[in-house]
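So the sequence shown is numbered by the numbering used here: it starts at 138 and just counts up by one. Beneath this line is the structure, given in structure tokens, with notes to follow.
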Amino acid sequence: MKIGGYLCTGCGIGDRLDTKSLETVAVREGRIGFCKTHDFLCSQAGVDMIKADMAAEGDEKVTKAVIMACSRRAKTESFHFGATPVARVNLREGVIWIRPEGSEHDETTQEMAADYIRMGCAEAKAMQQADASGEQSKNNHIMVVGGGMTGMTAALEASKAGYYASIIEKADHLGGVMGQLKQRQPERSPYQNPQDTGVAALIAAVEADDKITVYLNSSIAKTAGAPGRFEVDIASTVGTGTHAEFGAIVQATGFTPYDANKLPEFSYGKTPNVVTQLELEALALAAGDGPIKRADGKIVENVVFVQCAGQRSQKEGHLSYCSGHCCATSIKQAMYFKDTNPDIETTVLFDDIRTPGVGGENFYRSAQDKFVTFRKGKVSTVDVKGNDLQVNFKDLILDEDVHMDADLVVLATGMLPNSGTDIDTMKDKDASGEIKVPVTSILNLNYRQGPDVPHLVNGFADSHFICFPYETRRTGIYTAGPVRRPMDAGQAQTDAMGAVMKAIQAIENSAIGRAAHPRSGDLSFPTFRKEGCTQCKRCTVECPFGAIDEDEKGYPKYNEARCRRCGTCMGACPVQVISFKNYSIETVGAQLKAVDVPDEFQEKPRILVLACENDAYPALDMAAMKRNESSAFIRVIPVRCLGSTNTIWIKDALGSGYDGVVMMGCKKGADYQCHFVKGSEMAHVRMEKIGDTLSTMNLESERVAVHEVAITDIDRAPKLLDEMVEVINRVGLSPFKF
138 MKIGGYLCTG CGIGDRLDTK SLETVAVREG RIGFCKTHDF LCSQAGVDMI KADMAAEGDE
198 KVTKAVIMAC SRRAKTESFH FGATPVARVN LREGVIWIRP EGSEHDETTQ EMAADYIRMG
258 CAEAKAMQQA DASGEQSKNN HIMVVGGGMT GMTAALEASK AGYYASIIEK ADHLGGVMGQ
318 LKQRQPERSP YQNPQDTGVA ALIAAVEADD KITVYLNSSI AKTAGAPGRF EVDIASTVGT
378 GTHAEFGAIV QATGFTPYDA NKLPEFSYGK TPNVVTQLEL EALALAAGDG PIKRADGKIV
438 ENVVFVQCAG QRSQKEGHLS YCSGHCCATS IKQAMYFKDT NPDIETTVLF DDIRTPGVGG
498 ENFYRSAQDK FVTFRKGKVS TVDVKGNDLQ VNFKDLILDE DVHMDADLVV LATGMLPNSG
558 TDIDTMKDKD ASGEIKVPVT SILNLNYRQG PDVPHLVNGF ADSHFICFPY ETRRTGIYTA
618 GPVRRPMDAG QAQTDAMGAV MKAIQAIENS AIGRAAHPRS GDLSFPTFRK EGCTQCKRCT
678 VECPFGAIDE DEKGYPKYNE ARCRRCGTCM GACPVQVISF KNYSIETVGA QLKAVDVPDE
738 FQEKPRILVL ACENDAYPAL DMAAMKRNES SAFIRVIPVR CLGSTNTIWI KDALGSGYDG
798 VVMMGCKKGA DYQCHFVKGS EMAHVRMEKI GDTLSTMNLE SERVAVHEVA ITDIDRAPKL
858 LDEMVEVINR VGLSPFKF
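This is how it looks when you write it as structure tokens:
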């Protein structure tokens, strides 16, 4: 094994640092084979130099590399050398850009660079080459659950990309909710009139595609396996079931309209003349090209649309959110009437009009041109007056209570996702957290965490628009359309395309053992030393992705294709027996121990910073780009997720003479921004108990700080480090300095 060091002097590194001295540090103190300097290491010449050393024969062959240049977030393609382990030393963003101009002769700045080089060399020595597990398989078949517009679009897009798709639809026909509509809001310029739904064309395309199989009157009885090798039992209500295998899954189960029976103040259910938007579509379809009639056969001459009926309300039982499509749907339906007879009175009562998407404003203006009345008012009640209706509302412009008569009232009731049972909120679980009772499920997953994907706060299937778009906490399973978030038909089709792209990525990654987003390309996977395992089950319980079960003897049983490589299991393990070949207790522990900690007489604090590589570390990098200054006493180690932080790192750091430890992770809670869902939350829980350890060491609790840091906290992140420096100045240097 030969470790090669490569030191870049470009981007001002050679001007600000004594690179000759750093070469010596790398070889003598870092104990690597050699250290070469290059003016622009990321240039073709620089990369070719490294590749030549890696291609050498015998003892001259470089098997590990230490790149001493810019942040690990920069030049990732240039410094990717296949399976060869590479440690990145951040001298640009991490040192010279956060130190003030003129500090090139400041010994603390040079010490900072030397420490990072020692740390990089130590990391490289502790790293091993990551290879695929051998569990890989590839299946080019995507299961699409739901045969509405979203599901059919997903299947067709998969076929266009050369993959196979199977649509599982519980009804006896395709089309979903869109199949019940007369028209849709326009998706083409000039965005002035409703257009054909396109459902019939989609159904015809699906039926004509030999890469698409359709299962009608069907549901999922069981889903097991992992990306690349999902095994699914498909149940049928009219025939025998089917067993099939898939590489990835797209859940496109759509939505159910909010139950208008929960709105008695609007007289829904008391009269057939108060209808929902979907019920109006049925009346419009029945009318064809003629005038829309009420249930009693009377032609509608005066219709009122009540926006946000049971939506955007904090009242118990109502929907707190906006369903996205309802305003445009009411505009479209008002045009149904105006296009039949311009003299029909059509009034839209609204608190706010929202027409998101391309052309939405044009559509709204077109309705105004057709003399659809838009009135800003909040409806309180709808009263039945014989065969007619009286709509009572507060005019928000005139600030007075008024009423108007109507033949028909249409309620914009919003959407509820067809996402099954919210597993995370169920109370009936055993001590290990497993579900004890049968639940309503769509995917019927054979997962420890439950039979369905977790849900967000409003019941929509779990999928974070920043951290892992489309993907749920069940790796290889993607949600699209209104089951993921409120949206209209156009957005749902775009959503389907995105979900299929992610599904294809999962299939291709699983075929060669690579991780999914956000560590796409990572071949590492967790392993454990069986002889040291205490069978505490913390790893299985804390894994956010259902990647760990137990075998018949109670030992962890890993499913690498489900694993996102966050390391939460590694951080949870109290006996430190879980590791990845390129990221482990040893790789981080070796780095923090490689730092030259000054003794108490030098009065130079050392503060360890463990920064999440997805939010906190990028925030620090971007702060450096702005030349925000930071203390020369900090030493930053990026971690995959704050959840991977094992308390042994904190103990070792403080026991080695570090004066403080700062942990920076993503935002946690219901509106989390953690790419690994609960990693940051787990770290906070663990650190709540670190006080006992500090107490036994006779150290102040202020020496360890845990912060939630977003990627946008460019100015805040360096200030948090400055605050820790101030804390150390106040409480004093560590008594453990040697």
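Ideal Cβ positions, reconstructed from N, Cα and C, are used throughout, including at glycine. Treat the numbers as computed from the prediction; the structure is a model and nothing was measured.
Hey, is residue i's beta-carbon within less than 8 Å of any beta-carbon in chain D?
i	result
D625	Among the protein chains of the structure shown there is no chain D, as only one such chain exists.
If you draw a straight line from the C-alpha of residue i to the C-alpha of residue j, how long is it?
i	j	result
S569	P711	Reliability of the predicted coordinates at S569 is poor, the pLDDT of 48 falling under 50, and no value is obtained from them.
Q273	A684	15 Å
D370	I579	12 Å
S215	L311	48 Å
K157	S180	21 Å
M759	K307	49 Å
S600	R366	22 Å
G316	K359	28 Å
S832	C673	25 Å
Take residue i as the anchor and find which of the options has the nearest alpha-carbon.
i	options	result
S208	A598, D789, Y143, Y754	Y754
D176	H592, M205, R165	M205
D196	C172, I140, K399	I140
M138	L178, D155, D488, E194	E194
T453	A432, E416, L400, D347	Just to set this straight, residue 453 is Glu in the shown sequence, not Thr. The candidate whose alpha carbon is nearest that of E453 is L400.
I349	I304, D758, K826	I304
P222	D758, K639, N719	N719
S356	Q332, F403, G284	G284
V437	N398, N529, D542	D542
A761	D190, V232, C148	V232
T466	H540, G551, A423	G551
S768	T631, G802, K741, R701	K741
E679	E687, A709, Y692	A709
Quick one: what does DSSP say residue i is sitting in, helix, strand or coil?
i	result
D561	Because the pLDDT at D561 is just 46, under 50, the model does not fix this residue reliably, and the value given afterwards should be weighed accordingly. Helix at D561.
A263	helix
C145	strand
H821	helix
V846	coil
K667	helix
I169	coil
V712	coil
F717	strand
E863	helix
T518	strand
A295	helix
Y754	helix
L545	strand
Q810	coil
G570	For G570, the predicted structure reports a pLDDT of 48, less than 50, and the residue's modelled location is therefore unreliable. The matter cannot be settled from this model.
D538	strand
R205	Here residue 205 is Met; the residue named in the question, Arg, does not match the sequence. If DSSP states are grouped into helix, strand and coil, M205 belongs with the strands.
A251	helix
P554	strand
D137	There is no way to answer for residue 137, as the model of the chain reaches only from 138 to 875.
M834	coil
Can you name the start and end residues of the beta strand (DSSP E) that residue i belongs to?
i	result
P493	No beta strand (DSSP E) holds P493; DSSP gives it neither H nor E.
H278	278-282
I371	367-373
Y473	No beta strand (DSSP E) holds Y473; the alpha helix (DSSP H) holding it covers 463-477.
C749	744-749
L526	525-532
K694	693-695
A342	Premise fails: A342 lies in the alpha helix (DSSP H), 336-345, not in any beta strand (DSSP E).
E382	379-383
R772	771-776
L228	Element bounds for L228: n/a, residue is neither H nor E.
K788	Here K788 belongs to no beta strand (DSSP E); instead the alpha helix (DSSP H) covers 784-792.
A361	355-361
Is residue i near the ligand ATP, going by C-beta to nearest heavy atom under 7 Å?
i	result
R777	In terms of ligand content, the structure shown is empty, and the ligand ATP therefore cannot be addressed.
Less than 8 Å between the CB atoms is what I'm expecting for residue i and residue j, so what's the real figure, rounded?
i	j	result
A617	A636	4 Å
N765	D850	Contact flag wrong, Cβ pair sits at about 11 Å.
N478	Q329	Contact flag wrong, Cβ pair sits at about 19 Å.
E260	Q728	5 Å
R702	D659	5 Å
Y695	P655	With 8 Å as the limit, Y695 and P655 do not qualify as a contact, their Cβ atoms being about 20 Å apart.
State the start and end residues of the unbroken alpha helix (DSSP H) segment that holds residue i.
i	result
G618	First-last for G618: undefined, no H or E at that position.
K639	626-649
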